[in-house]
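Let me begin by presenting the structure, written as structure tokens, before commenting on it.
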Amino acid sequence: MDYPNNTTDSRKNKHLNYEERMFIQLRLQDGFTPYKIAKQLGRARNTILNEIRRGTTTQIYAKKKVDVYLAATGKAVYDNNRKNSCKPFKRLQCSDFIDYVTKMIKEDKWSPDACVGRALKSGKFKPSEMVCTKTFYNGYNTP
């Protein structure tokens, strides 16, 4: 079966990889414009401009400061931004509360709603250390 509109070469809406960053670095050293680099990579001009801005670092050559694009710098900044871009996993922050609720369910036969209400009323856990009843039913329900 043939799919005439399917292509595996398209890189639209994908992140740049290290090889593409090295390509940008080499082409900039050769004097290419961001527009020409974007055409060669098949990417948007803004993607290339953003990457150049992200990976440009100041270096000293012959006692003069020069701004130079480095692929390694661009990748390091990208990795750091990606690391900080997602929300931390809630289970790690609420592990004591989840253990408390699991113990109450198994030993005392309480419902998750009663455990959450008790923890809120007694002030045993901070609200940031707890998950709501619905979240507990959806993701942390124990048999």
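Using this note's numbering, you'd call the opening residue of the sequence shown number 776 and step up by one each time. Don't be surprised by glycine CBs; every beta carbon is placed ideally from N, CA and C.
Nearest to residue 926 by alpha carbon, out of 907, 810, 845? Residue 926 is absent from the structure shown; the chain starts at 776 and stops at 918.
Between the C-alpha atoms of residue 851 and residue 797, what's the straight-line distance to the nearest angstrom? By one-based count along the sequence shown, residue 851 stands at place 76. By one-based count along the sequence shown, residue 797 stands at place 22. Spanning the two alpha carbons is a distance of roughly 13 Å.
Since residue 834 sits in a beta bridge, which residues does DSSP pair it with? Numbered from its first residue, the sequence shown carries residue 834 at position 59. Its beta-bridge partners are 841.
For my contact list, residue 904 and residue 861 are in at a C-beta cut-off of 8 Å; report their separation, rounded to the angstrom. As a first step, residue 904 is located in the sequence shown; it is residue number 129 there, counting from the start. As a first step, residue 861 is located in the sequence shown; it is residue number 86 there, counting from the start. Actually they do not touch by this definition, with Cβ atoms about 20 Å apart.
Candidates 871, 877, 803: which alpha carbon is nearest residue 844's? In the sequence shown, the residue the question calls residue 844 occupies position 69. It is 803.
Under 6 Å Cβ to Cβ from residue 831, same chain only, skipping five residues before and after it: list those, please. Taking the first residue of the sequence shown as 1, we reach residue 831 at position 56. Within the same chain, Cβ atoms closer than 6 Å to the Cβ of residue 831 are found at 842, 844, the five residues on either side in sequence being excluded.
Just list the alpha helix (DSSP H) runs in the stretch 836-907, keeping only unbroken ones of 4 residues or longer that don't cross its boundaries, in chain order. 846-858, 865-868, 870-883, 887-897
Got a sec, what are the start and stop residues for the alpha helix (DSSP H) residue 798 sits in? Within the sequence shown, the letter at position 23 stands for residue 798. Taken as a continuous stretch (DSSP letters only), the alpha helix (DSSP H) holding residue 798 covers 793-804.
On a CA-only basis, which of 805, 813, 807 is nearest residue 795? Give me that one, please. Within the sequence shown, the letter at position 20 stands for residue 795. Nearest of 805, 813, 807 to residue 795, Cα basis: 813.
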